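Residue numbers (my numbering), protein chains in the order written: chain A, 88 to 203; chain B, 88 to 203; chain C, 88 to 203; chain D, 88 to 203. C-beta atoms are modelled at their ideal positions from N, C-alpha and C, and glycine is treated no differently. All values derive from a computational prediction rather than experimental measurement.
4 protein chains.
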Amino acid sequence: MSQDIDALQTALREFARERDWGQFHSPKNLAAALSVEAAELLEHFQWLTEAQSRDLPGDKRGPVAEELADVLIYVLQLADKLGIDPVDAAWRKMEANAKKYPVARSKGRITKYNEL
Amino acid sequence: MSQDIDALQTALREFARERDWGQFHSPKNLAAALSVEAAELLEHFQWLTEAQSRDLPGDKRGPVAEELADVLIYVLQLADKLGIDPVDAAWRKMEANAKKYPVARSKGRITKYNEL
Amino acid sequence: MSQDIDALQTALREFARERDWGQFHSPKNLAAALSVEAAELLEHFQWLTEAQSRDLPGDKRGPVAEELADVLIYVLQLADKLGIDPVDAAWRKMEANAKKYPVARSKGRITKYNEL
Amino acid sequence: MSQDIDALQTALREFARERDWGQFHSPKNLAAALSVEAAELLEHFQWLTEAQSRDLPGDKRGPVAEELADVLIYVLQLADKLGIDPVDAAWRKMEANAKKYPVARSKGRITKYNEL
Chain A
88 MSQDIDALQT
98 ALREFARERD
108 WGQFHSPKNL
118 AAALSVEAAE
128 LLEHFQWLTE
138 AQSRDLPGDK
148 RGPVAEELAD
158 VLIYVLQLAD
168 KLGIDPVDAA
178 WRKMEANAKK
188 YPVARSKGRI
198 TKYNEL
Chain B
88 MSQDIDALQT
98 ALREFARERD
108 WGQFHSPKNL
118 AAALSVEAAE
128 LLEHFQWLTE
138 AQSRDLPGDK
148 RGPVAEELAD
158 VLIYVLQLAD
168 KLGIDPVDAA
178 WRKMEANAKK
188 YPVARSKGRI
198 TKYNEL
Chain C
88 MSQDIDALQT
98 ALREFARERD
108 WGQFHSPKNL
118 AAALSVEAAE
128 LLEHFQWLTE
138 AQSRDLPGDK
148 RGPVAEELAD
158 VLIYVLQLAD
168 KLGIDPVDAA
178 WRKMEANAKK
188 YPVARSKGRI
198 TKYNEL
Chain D
88 MSQDIDALQT
98 ALREFARERD
108 WGQFHSPKNL
118 AAALSVEAAE
128 LLEHFQWLTE
138 AQSRDLPGDK
148 RGPVAEELAD
158 VLIYVLQLAD
168 KLGIDPVDAA
178 WRKMEANAKK
188 YPVARSKGRI
198 TKYNEL
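Below, the structure is given as structure tokens:
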């Protein structure tokens, strides 16, 4: 994993250790918390049109960045507990997606691969 | 942002560009897709006990890593569209959390900061 | 609660009892499952435009109805476990919303009440 | 659909009409809002143990009932827009589930039907 991500993950581990939060941070609970934060991120967009979301009002940028941060934090904490390298997993998933969604058949269509 | 993450984000941008998926990838839609993937990750844990989730069956590891990858992919794509550096945002959020959850008051308690 | 809803809730209770699923159906787990089903519902809409979602393709109606059903089923099971009447709670919430979102200030604006 | 649910759905339709919220209430947006409310419900349970969730602290009951109400409200509004009867859909889903999860094979096991 890249150095910065690695340093962040280490800092998060120390953050939780100092507070004795390991007892709460089961993978099950972290997955629930991740899902909750992703929904809080979505909440900022739920009543916007797509066009408005592409041109986010300035006062929304800070709160949105904070929710994105929360999601990434839980991704890293959950991956850490499970011994999964999320950056490596993302590279492999992208390669798998390249096969499932060949350019010729997917161009301009985002249909699920099994409906292509 | 770290080099590996940066390279991954660039590859994802190219992946979407080749398929002409920019039209679908509004921040609103990416936030919804992120939330859906986070829920698919949670689905693997929903009926497990916390203890079982800490000792994940071997055959669950691959599928769980794939869902984590999907979440990270959408985090990077959404951050890219919004011009937000998610790693930097996570560092700043962790620093803010350190103030909201001082060790002395948060040790062994994960109560929301405004109920501490 | 209305008779039909009441009968449905009773049938769901019996369904779980026959299968000895009470051990899995903690409120925590039911809330996670509810959230997962809500995301599966959202998945059907994530790449549609709003206009397309208002004119849902015929072949999507069945799957969407099934996901809506799953969400309602978990709402009823969770409410049952907690001894909450969800229909009554919804009436009370709508009355509270009427005060938070007075017509004069909310007409044509869906801004969160504390930002009105 | 049962009379009470029917009356509630009619009241919700009038609530939105008075505020001219039809423009925001596309099925896509309602599905996103439903998912967000389900996550807010889950948030109350995310750090509780299953045992704690079965014996919910008294001060949590009100907030949890409100989130359940929000979920039900969006279920009814979305179903209304799509012309789907959610109570009827839930009965049909339960019957389908009875076939997918026969008592003999599902007793004490909540494994997904295609892994039974």
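I'd like to know if the segment 153–167 of chain C and the segment 117–128 of chain C are in contact, where contact means that at least 3 CB-CB pairs between them fall below 8 Å. yes
Using beta carbons (cut-off 8 Å, strictly below), is proline 150 (chain D) in contact with chain C? At a cut-off of 8 Å between beta carbons, proline 150 (chain D) makes no contact with chain C.
When you check each C-beta in the segment 154–172 of chain D against every C-beta of chain A, which residues fall closer than 7 Å? none
If you scan the segment 89–120 of chain D from start to end, which runs of the alpha helix (DSSP H) of 4 or more residues do you find wholly inside it? 90–105
Taking Cβ-Cβ distances shorter than 7 Å, what residues in chain F pair up with alanine 120 (chain B)? Among the protein chains in the structure shown, which are A, B, C and D, there is no chain F.
Is there a C-beta anywhere in chain D that falls below 8 Å from the one on methionine 88 (chain B)? Per-residue confidence for methionine 88 (chain B) stands at a pLDDT of 46, beneath the threshold of 50, marking its modelled position as unreliable; the derived number appears in the next sentence. Output row for methionine 88 (chain B): interface = no.
C-alpha gap between isoleucine 171 (chain B) and lysine 180 (chain B), whole angstroms: Taking the straight line from one Cα to the other gives about 13 Å.
Does the count of Cβ pairs from the segment 88–105 of chain D and the segment 127–144 of chain C closer than 8 Å reach three? no
Ordered along the chain, which non-local residues of its own chain (more than five positions away) have a Cβ less than 6 Å from that of alanine 191 (chain B)? none
Take the Cβ of aspartate 146 (chain A) as the centre, count every other Cβ of all protein chains shown within 10 Å, and call the residue buried at 16 or more, exposed below. Under this definition aspartate 146 (chain A) is an exposed residue.
Residues of the segment 97–118 of chain C whose Cβ lies closer than 7 Å to any Cβ of chain D, in chain order: Flagged, chain order: Ala98, Leu99, Phe102, Glu105, Arg106, Asp107, Trp108, Phe111, Ser113, Pro114, Lys115, Asn116, Ala118.
When you compare only the Cα positions, how much space is there between glutamate 153 (chain B) and arginine 106 (chain B)? 21 Å
Kindly say whether glycine 145 (chain D), judged by its beta-carbon, lies nearer than 8 Å to any beta-carbon of chain C. no
Could you work out which residues of chain C lie near valine 123 (chain B), taking near to mean beta carbons separated by less than 7 Å? What valine 123 (chain B) touches in chain C: Ala126, Leu129, Glu130, Gln133.
Taking a contact to mean a Cβ-Cβ separation below 8 Å, would you say leucine 95 (chain A) touches valine 162 (chain B) in this structure? no
Can lysine 205 (chain A) and histidine 112 (chain A) be called in contact, C-beta distance under 8 Å? Only positions 88 to 203 of chain A appear in this structure, which leaves residue 205 (chain A) out of reach.
Could you check which residue in C:Leu128, C:Leu165, C:Ala166 has the C-alpha nearest to that of proline 150 (chain C)? C:Leu128
Let me confirm a value: glutamate 124 (chain A) is counted as buried when at least 16 other C-beta atoms fall within 10 Å, else exposed. Which label applies? buried
Between lysine 194 (chain C) and isoleucine 197 (chain D), what straight-line distance do the alpha-carbon atoms span, to the nearest angstrom? Cα to Cα, lysine 194 (chain C) sits roughly 47 Å from isoleucine 197 (chain D).
Does DSSP classify aspartate 142 (chain A) as helix, strand or coil? coil
Between the C-alpha atoms of glutamate 182 (chain D) and proline 114 (chain D), what's the straight-line distance to the nearest angstrom? 26 Å
Buried versus exposed call for glutamine 164 (chain C) [16 or more other C-beta atoms within 10 Å across all chains shown]: buried
What is the DSSP secondary structure of tryptophan 178 (chain B), counted as helix, strand or coil? helix
Starting from isoleucine 197 (chain D), find everything on chain B with Cβ-Cβ shorter than 7 Å and list it in chain order. Trp134
Helix, strand or coil at glycine 195 (chain B) [DSSP, three-state]: coil
When B:Lys199, B:Trp108, B:Ile92, B:Thr97 are compared against proline 189 (chain A), the one with the closest alpha-carbon: B:Trp108
Please list, in chain order, the chain D residues whose beta carbon lies closer than 7 Å to that of lysine 194 (chain C). Chain D residues near lysine 194 (chain C): Arg106, Asp107.
Would lysine 187 (chain C) count as contacting chain D if we go by Cβ distances under 8 Å? Among the CB atoms of chain D, none fall inside 8 Å of the CB of lysine 187 (chain C).
Hey, does glutamate 137 (chain C) have any beta-carbon neighbour from chain D nearer than 8 Å? yes
Considering only C-alpha positions, which residue in the set C:Ala126, C:Pro144, C:Ala176, C:Leu135 is nearest to arginine 148 (chain D)? It is C:Ala176.
Length of the line joining the Cα atoms of glutamine 279 (chain D) and lysine 187 (chain C): What is shown of chain D runs 88 to 203, which leaves residue 279 (chain D) out entirely.
Can you give the Cα-Cα distance for leucine 135 (chain D) and glutamine 133 (chain B), rounded to whole angstroms? 14 Å
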